[in-house]
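This report refers to the structure that appears directly beneath it.
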Amino acid sequence: MHWLATAAWRCLAVVALALGGAGVVLPGLPTVPFLLLAAWAGSKGWPQLEARLLAHPHYGPIIQRWRSHRAVPRRAKWAASVLMMISAAGVLLSPAPLWLRGGLPMFLALVALWLWRRPE
1 MHWLATAAWR
11 CLAVVALALG
21 GAGVVLPGLP
31 TVPFLLLAAW
41 AGSKGWPQLE
51 ARLLAHPHYG
61 PIIQRWRSHR
71 AVPRRAKWAA
81 SVLMMISAAG
91 VLLSPAPLWL
101 RGGLPMFLAL
111 VALWLWRRPE
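Using UniProt numbering, the first residue of the sequence shown is number 1, and each one after it goes up by one.
Encoded structure:
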């Protein structure tokens, strides 16, 4: 059973790492949340991957700050907020169902509120 759990954690880490890598080149797809997930999953079943992520010169300190203080850099807060506003405006102007046009902007506003309450 232990090998199955390790395989599941590794699979989650690989998928999260792939999505984080895609986020580097695709606008609108976040990178850091997926790397946080990959490091967390790696800590459960792939310590070498976790160590490599923590040692990364750019993303390592961000992951460590999140783990120790749940901190989000101001620049990331601004970037996320702008992308959420663009998404909310896009759905408001689309022919999406009414529940989505009302619900998504409210949800994104709550996410932004939570985000801006995180330490920097």
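Just so it is clear, CB atoms sit at the ideal spot from N, CA and C, and this is done for glycine as well.
Helix, strand or coil, according to DSSP, for residue i in the structure here?
i, result
"residue 8", "helix"
"residue 67", "helix"
"residue 119", "coil"
Flag this pair as yes or no: are the beta carbons of residue i and residue j separated by less than 7 Å?
i, j, result
"residue 51", "residue 13", "no"
"residue 118", "residue 70", "yes"
"residue 77", "residue 115", "yes"
"residue 59", "residue 35", "yes"
"residue 23", "residue 29", "yes"
"residue 81", "residue 112", "yes"
"residue 74", "residue 120", "yes"
Segment contact flag, the segment 85 to 104 with the segment 37 to 51, C-beta cutoff 8 Å, min 3 pairs: no
Just list the alpha helix (DSSP H) runs in the segment 71 to 113, keeping only unbroken ones of 4 residues or longer that don't cross its boundaries, in chain order. 74 to 92
Continuous alpha helix (DSSP H) assignments of at least 4 residues falling wholly in the segment 8 to 57: 32 to 45 and 47 to 55
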